[in-house]
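What follows is a set of notes on a single structure, which appears directly below.
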Amino acid sequence: MAKPKLNLNRVPMPRQDPKKRGKNFNEVALGYSLEQAKEEASRCIQCKKRGCVAGCPVEIDIPGFIKAIGDGDMPEAVRILKSKNALPGICGRVCPQETQCEATCSLAKKGAPIAIGRLERFVADWERANMGAATSIDPPKPAGKRVAVVGSGPAGLTAAADLAKLGHSVTIFEALHVAGGVLMYGIPEFRLPKEIVQAEVDYVASLGVKLELDAVVGKLATVDELLNSDYHAVFLGTGAGAPMFMNIPGENLNGIYSANEFLTRVNLMKAYRFPEYDTPVKVGRRVVVIGGGNVAMDSARCALRLGADKVYIIYRRSEVEMPARREEVENAMEEGIEFRLLTNPKQMLGDEQNWVVGIECYEMELGEPDDSGRRRPIVKEGSEFTIDVDMVVEALGTRPNPLVASTTEGLETTRWGTLVADEETGKTVKDKVWAGGDIVTGAATVISAMGAGKHAAADIDAYLRG
Amino acid sequence: MYKILLKQDLVPGIHLFKVAAPAVAKKAQPGQFVVVRIDEKGERIPLTIADWDREGGSVTIVFMEVGTTTARLALLEAGGAIADFVGPLGLPTHIEKFGTVVCVAGGFAVATIMPIARAMRQKGNKVISILGARSQDLLFWEDKLRSLSDQLIVTTDDGSYGRKGVVTGPLKELLESGEKVDRVIAIGPSIMMKFCSLTTEPFGIKTIVSLNPIMVDGTGMCGCCRVSVGGETKFACVDGPDFDGHQVDWDLLFARQRIYLDEEKRSFEQWQRSVHR
Numbered sequence: 176m177a178k179p180k181l182n183l184n185r186v187p188m189p190r191q192d193p194k195k196r197g198k199n200f201n202e203v204a205l206g207y208s209l210e211q212a213k214e215e216a217s218r219c220i221q222c223k224k225r226g227c228v229a230g231c232p233v234e235i236d237i238p239g240f241i242k243a244i245g246d247g248d249m250p251e252a253v254r255i256l257k258s259k260n261a262l263p264g265i266c267g268r269v270c271p272q273e274t275q276c277e278a279t280c281s282l283a284k285k286g287a288p289i290a291i292g293r294l295e296r297f298v299a300d301w302e303r304a305n306m307g308a309a310t311s312i313d314p315p316k317p318a319g320k321r322v323a324v325v326g327s328g329p330a331g332l333t334a335a336a337d338l339a340k341l342g343h344s345v346t347i348f349e350a351l352h353v354a355g356g357v358l359m360y361g362i363p364e365f366r367l368p369k370e371i372v373q374a375e376v377d378y379v380a381s382l383g384v385k386l387e388l389d390a391v392v393g394k395l396a397t398v399d400e401l402l403n404s405d406y407h408a409v410f411l412g413t414g415a416g417a418p419m420f421m422n423i424p425g426e427n428l429n430g431i432y433s434a435n436e437f438l439t440r441v442n443l444m445k446a447y448r449f450p451e452y453d454t455p456v457k458v459g460r461r462v463v464v465i466g467g468g469n470v471a472m473d474s475a476r477c478a479l480r481l482g483a484d485k486v487y488i489i490y491r492r493s494e495v496e497m498p499a500r501r502e503e504v505e506n507a508m509e510e511g512i513e514f515r516l517l518t519n520p521k522q523m524l525g526d527e528q529n530w531v532v533g534i535e536c537y538e539m540e541l542g543e544p545d546d547s548g549r550r551r552p553i554v555k556e557g558s559e560f561t562i563d564v565d566m567v568v569e570a571l572g573t574r575p576n577p578l579v580a581s582t583t584e585g586l587e588t589t590r591w592g593t594l595v596a597d598e599e600t601g602k603t604v605k606d607k608v609w610a611g612g613d614i615v616t617g618a619a620t621v622i623s624a625m626g627a628g629k630h631a632a633a634d635i636d637a638y639l640r641g
Numbered sequence: 200m201y202k203i204l205l206k207q208d209l210v211p212g213i214h215l216f217k218v219a220a221p222a223v224a225k226k227a228q229p230g231q232f233v234v235v236r237i238d239e240k241g242e243r244i245p246l247t248i249a250d251w252d253r254e255g256g257s258v259t260i261v262f263m264e265v266g267t268t269t270a271r272l273a274l275l276e277a278g279g280a281i282a283d284f285v286g287p288l289g290l291p292t293h294i295e296k297f298g299t300v301v302c303v304a305g306g307f308a309v310a311t312i313m314p315i316a317r318a319m320r321q322k323g324n325k326v327i328s329i330l331g332a333r334s335q336d337l338l339f340w341e342d343k344l345r346s347l348s349d350q351l352i353v354t355t356d357d358g359s360y361g362r363k364g365v366v367t368g369p370l371k372e373l374l375e376s377g378e379k380v381d382r383v384i385a386i387g388p389s390i391m392m393k394f395c396s397l398t399t400e401p402f403g404i405k406t407i408v409s410l411n412p413i414m415v416d417g418t419g420m421c422g423c424c425r426v427s428v429g430g431e432t433k434f435a436c437v438d439g440p441d442f443d444g445h446q447v448d449w450d451l452l453f454a455r456q457r458i459y460l461d462e463e464k465r466s467f468e469q470w471q472r473s474v475h476r
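Note that the protein sequences, when read in sequence, are chains P and S. Going by our numbering, the first residue of the first sequence is number 176, and it counts up by one from there. Going by our numbering, the first residue of the second sequence is number 200, and it counts up by one from there.
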């Protein structure tokens, strides 16, 4: 029998209709059925190169779990996936697979790479539906050491899960009232349902990890006090949670939000269900979101869902330089968000009651490449024009919250406020303290933070056993 | 959950909770605040810390019913619990031996000023306190504040008790009397803090106010509480809440405190309907 011809197209992912989804907060991507997953899995040629594994920051045995799907052995797919990744439902949804595992897939040279992210998501969702949220594993032999993890975002959860699996007693300290960090307050429900985040947090807790919520390290116990009392090592995964503003005139007008505030109100505090939930959020009729990253896309799409008539994204460079995932830009465009590229705000205009009514912008053009390798945006003199708005969201990026660094002796910080730590191990210059994720790299991706948490956990384990 | 150990209804609409929060109690300092969330559907609101008991593991807050959250809070009783009680947040009030410190408290802010007056006294300052309320029935803790002060002046807007008028009257007289005042701490409604600052400015006496803009997380994450001080944008939650009153852009503060007036009204009306059903 002849070898079946390789299908170079991936199985499409069912999605909510753009017209409908712009009015609700339900998940946009609907996930594969078992048949669709098996069909997509059957495209994997199980090549020897395993480029996908090399492209994965947490080294998942990708061909292994894909083969298990193809064989219809879902419990085995779950086992393989979760042995490396405690948060597969999250990663399957928000990892930029197109620049990682899928970019290095052998099929990528000939056609569409395997939809690894969609399959990962399918396995995680299958587990939650069929095996319960937390698959119990045999408790490891206690190692007798205690580790404090500060922050419960992707880096902290991953470090905690790995350390617990290695037999250490782990406590996570989280400043907010729920665990998950940016997964809970930042990424919207329609892209990452909070039920999924909660289920994966519950899984980490089921490994024996203790969660201390409402615990602001630096204001309650400091890192030094943790080390001097109960803990043998500390991992700092406090992220990059402090918003940046443009420092242009009119920025403190009413109706101007940082993306952090807007998304925290909507996602964490569930303001989209106000007044059932007590936290309000302004619903602009004409909304401008400033920025070109995933957070800008999330903010624009939230504003649309809250009922805005018109949502613009203003970005100072052109489409190719946008740091957002291609998929999210396409989703936003499909939903009717209008992109005003090569546009940069000059000032915000307000009325007598301090409400924003307009945003004056410059047109920009691209010059020579700058430090980031992208072409530098330059102001076109005399090109000012005004857009009428009643709400603005600034999604300009975030930087580390200085709270932990400023209350801890002996940490080294960079001029961007990030912590200096070894690239491989996450070890800081301070004894017994490791760090990883956005607190070290500045704002980056969920999966890179998870990779950092994983590497630090291994190094902490080696130290504690040393 | 954080258990309410004690509830006192101090005057109509103003209540005291003593809350079991040992970790917060261990670290609390004068001028700091907590963020409280009543339950799953509640919002996060900042409330200043009135007192703490490090050994007993409790923190005392005093709040006034002004909207949905504080009205819901007021319905809780001792034995009940609050979902979240995060703190101590913000920078502590700067305490040192200045000489003579005037503590001005408007309304229920007497609760906030109490630990500050106590700490100032302990550092060896002469403490002169001015306590103002709308009327006698809204006045509380006069005796407590008197016991921490070398001198106490009480005012009521309607003259039902103490001197008739607002706190800026006696404050101005004090400064004009030749009393050498080294620092003023003014805490209360924003409008009162603004006028205290305007009163002291011609005398060149540093005046510290405790700003109360709208907050969400209270840890520097959202920037909702941004205020302009000396022409620079600050986050009240982490850079304050204490600021130099002569440097504050008061009009901006007032405007930003009004952002959610419509929503606050809508929320409160729907809550009242749900309670009366």
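Virtual Cβ for every residue (Gly too), placed ideally from N, Cα, C.
Problem - Candidates S:Ile407, S:Ile329, S:Asp336, S:Ile386, of which the one nearest Phe297 of chain S by Cα - result: Numbered from its first residue, the second sequence carries residue 297 of chain S at position 98. Considering only alpha carbons, the answer is S:Ile407.
Exercise for the section: Note down, in chain order, every chain S residue with its Cβ under 8 Å from the Cβ of Met444 of chain P. Expected result: Taking the first sequence and counting its residues from 1, one reaches residue 444 of chain P at position 269. By Cβ distance, chain S contributes Glu242, Arg243, Val415.
Practice task
Kindly indicate if chain S contains any beta-carbon less than 9 Å away from that of Met176 of chain P.
Solution key: By 1-based counting over the first sequence, the position of residue 176 of chain P is 1. Summary for Met176 of chain P: the model assigns pLDDT 48, below 50, so the residue's position carries little reliability; its value from the coordinates is reported in the next sentence. Not one chain S Cβ lies under 9 Å of Met176 of chain P.
Exercise for the section: Out of P:Ala637, P:Ile489, P:Gln211, P:Arg293, point me to the one whose CA is closest to Ala570 of chain P's CA. Expected result: Translated into positions along the first sequence, residue 570 of chain P becomes position 395. Checking every option, the nearest Cα to that of Ala570 of chain P belongs to P:Ile489.
Practice task
Take the Cβ of Phe560 of chain P as the centre, count every other Cβ of all protein chains shown within 10 Å, and call the residue buried at 16 or more, exposed below.
Solution key: Reading the first sequence from its first residue, position 385 is the one you call residue 560 of chain P. So Phe560 of chain P counts as exposed.
Exercise for the section: Could you tell me whether any Cβ in chain P is nearer than 9 Å to the Cβ of Gly286 of chain S? Expected result: Taking the first residue of the second sequence as 1, we reach residue 286 of chain S at position 87. At least one chain P Cβ lies under 9 Å of Gly286 of chain S.
Problem - DSSP bridge partner residues for His214 of chain S (one or two, in chain order) - result: As a position in the second sequence, residue 214 of chain S is number 15, starting the count at 1. In DSSP, His214 of chain S forms a bridge with S:Asp208, S:Phe262.
Problem - Cys222 of chain P, buried or exposed, once every other Cβ within 10 Å from all chains shown has been counted against 16 - result: Counting from one through the first sequence, the residue named residue 222 of chain P turns up at place 47. Cys222 of chain P comes out exposed.
Practice task
Assign Met176 of chain P to one of two classes, buried (16 or more other C-beta atoms within 10 Å of its C-beta) or exposed (fewer than that).
Solution key: Within the first sequence, numbered from 1, the residue matching residue 176 of chain P stands at position 1. Reliability of the predicted coordinates at Met176 of chain P is poor, the pLDDT of 48 falling under 50, and no value is obtained from them.
Exercise for the section: Using a Cβ cut-off of 9 Å (strictly closer), state whether Gly467 of chain P contacts chain S. Expected result: Working through the first sequence from its first residue, we reach residue 467 of chain P at position 292. Output row for Gly467 of chain P: interface = no.
Problem - Sufficient close CB pairs (3 or more, under 8 Å) joining the stretch 377 to 384 of chain S to the stretch 268 to 277 of chain S - result: no
Problem - Coarse secondary structure for Glu277 of chain P, derived from DSSP in three states - result: Here residue 277 of chain P refers to the residue found at position 102 of the first sequence. DSSP places Glu277 of chain P in coil when its eight states are reduced to three.
Handout entry: Near-chain P residues of the stretch 275 to 308 of chain S (beta-carbon distance less than 8 Å), N- to C-terminal order
Key = Ala282, Asp283, Phe284, Val285, Gly286, Pro287, Leu288
Practice task
Anything in the stretch 448 to 462 of chain P with a Cβ closer than 9 Å to a Cβ of chain C? List those residues in chain order, please.
Solution key: As a matter of chain content, chain C is missing from the structure shown, whose protein chains are P and S.
Problem - Straight-line Cα distance separating Gln528 of chain P from Gly212 of chain S - result: Translated into the one-based positions of the second sequence, residue 212 of chain S becomes position 13. Translated into the one-based positions of the first sequence, residue 528 of chain P becomes position 353. Taking the straight line joining both Cα atoms gives about 30 Å.
Handout entry: Proximity test, Cβ basis, 9 Å: Ser404 of chain P and chain S
Key = The count along the first sequence starts at 1 and reaches residue 404 of chain P at position 229. Output row for Ser404 of chain P: interface = no.
Problem - Coil, strand or helix - Pro193 of chain P by DSSP - result: As a position in the first sequence, residue 193 of chain P is number 18, starting the count at 1. Note: Pro193 of chain P maps to helix in three-state DSSP.
Exercise for the section: Return the first residue and the last residue of the beta strand (DSSP E) that Gln522 of chain P is part of. Expected result: To locate residue 522 of chain P, count along the first sequence from 1; it is residue 347. Its beta strand (DSSP E) spans residues 518 to 525.
Handout entry: Opening and closing residue of the alpha helix (DSSP H) in which Tyr638 of chain P lies
Key = Counting from one through the first sequence, the residue named residue 638 of chain P turns up at place 463. Here the alpha helix (DSSP H) through Tyr638 of chain P covers 621 to 640.
Handout entry: Backbone CA spacing between Gly585 of chain P and Val409 of chain P [nearest angstrom]
Key = Working through the first sequence from its first residue, we reach residue 585 of chain P at position 410. Working through the first sequence from its first residue, we reach residue 409 of chain P at position 234. Rounded to whole angstroms, Gly585 of chain P to Val409 of chain P spans 14 Å at the Cα level.
Handout entry: Neighbour flag for Gly230 of chain S against chain P, beta carbons, 9 Å
Key = Here residue 230 of chain S refers to the residue found at position 31 of the second sequence. It does not: the Cβ of Gly230 of chain S has no partner Cβ on chain P nearer than 9 Å.
Handout entry: Arg646 of chain P: contacting residues in chain S (beta-carbon distance under 7 Å)
Key = Missing from the structure shown is residue 646 of chain P; chain P here goes from 176 to 641 and no further.
Practice task
Compare the C-beta of Leu351 of chain P against all C-beta atoms of chain S and say whether one is closer than 9 Å.
Solution key: One-based indexing of the first sequence puts residue 351 of chain P at position 176. With 9 Å as the cut-off, Leu351 of chain P counts as an interface residue toward chain S.
Handout entry: Collapsed DSSP secondary structure at Tyr432 of chain P in the structure displayed
Key = Residue numbering aside, residue 432 of chain P sits at position 257 when the first sequence is read from its first letter. Strand at Tyr432 of chain P.
Exercise for the section: For Pro440 of chain S, collect the residues of the same chain with a Cβ closer than 6 Å to its Cβ; drop the 5 residues on either side in sequence, then sort them by chain order. Expected result: To locate residue 440 of chain S, count along the second sequence from 1; it is residue 241. So the list reads Gly289, Ser409, Leu410, once near-sequence residues are dropped.
Problem - Same chain only: Cβ atoms within 6 Å of Glu242 of chain S, ignoring 5 sequence neighbours per side - result: Walking along the second sequence from the start, residue 242 of chain S turns up at place 43. So the qualifying residues of the chain are Thr268.
Practice task
Below 8 Å between beta carbons is the criterion; list the residues of the stretch 386 to 398 of chain P that meet it against any residue of chain S, in chain order.
Solution key: Leu388, Asp389, Ala390, Val391, Lys394, Leu395, Ala396
Handout entry: Contact list for Pro187 of chain P against chain S, beta-carbon separation under 9 Å
Key = Here residue 187 of chain P is taken as the residue at index 12 of the first sequence, counted from 1. Neighbours of Pro187 of chain P on chain S: none; closest Cβ ~37 Å, over 9 Å.
Practice task
Classify Val398 of chain P as buried or exposed, calling it buried when 16 or more other Cβ atoms lie within 10 Å of its own Cβ.
Solution key: Along the first sequence, one-based indexing puts residue 398 of chain P at 223. Answer is buried; the Cβ neighbour count reaches 16.
Problem - Helix, strand or coil at Asp473 of chain P according to DSSP, with G and I counted as helix - result: Your numbering for residue 473 of chain P matches position 298 in the first sequence. Helix.
Practice task
Counting only the same chain and skipping the five closest in sequence on each side, list residues whose C-beta sits under 7 Å from that of Tyr201 of chain S.
Solution key: Here residue 201 of chain S corresponds to residue number 2 of the second sequence, with the count starting at 1. Taken in chain order, the residues that qualify are Val218, Ala219, Ala220, Ala280, Ile281, Phe284.
Problem - Sheet register partners of Cys436 of chain S (DSSP bridge) - result: Counting from one through the second sequence, the residue named residue 436 of chain S turns up at place 237. The partner list for Cys436 of chain S (beta bridge, DSSP) is empty, contrary to what the question assumes.
Exercise for the section: Would you mind telling me which residues of chain P sit closer than 8 Å to Ser409 of chain S, beta carbon to beta carbon, in chain order? Expected result: Against the second sequence, residue 409 of chain S aligns to sequence position 210. Near Ser409 of chain S there are no residues of chain P at all, since even the closest Cβ is about 17 Å away, more than 8 Å.
Exercise for the section: Would you please verify whether the beta carbon of Arg321 of chain P is less than 9 Å from any beta carbon of chain S? Expected result: Residue mapping note: residue 321 of chain P aligns to position 146 of the first sequence, counting from 1. No, no contact with chain S.
Problem - Contact belief for Gln275 of chain P with Gly230 of chain P at Cβ below 8 Å, rounded distance in angstroms - result: Position 100 of the first sequence holds residue 275 of chain P. Position 55 of the first sequence holds residue 230 of chain P. Their Cβ separation, rounded to whole angstroms, is 5 Å, which keeps Gln275 of chain P and Gly230 of chain P in contact under 8 Å.
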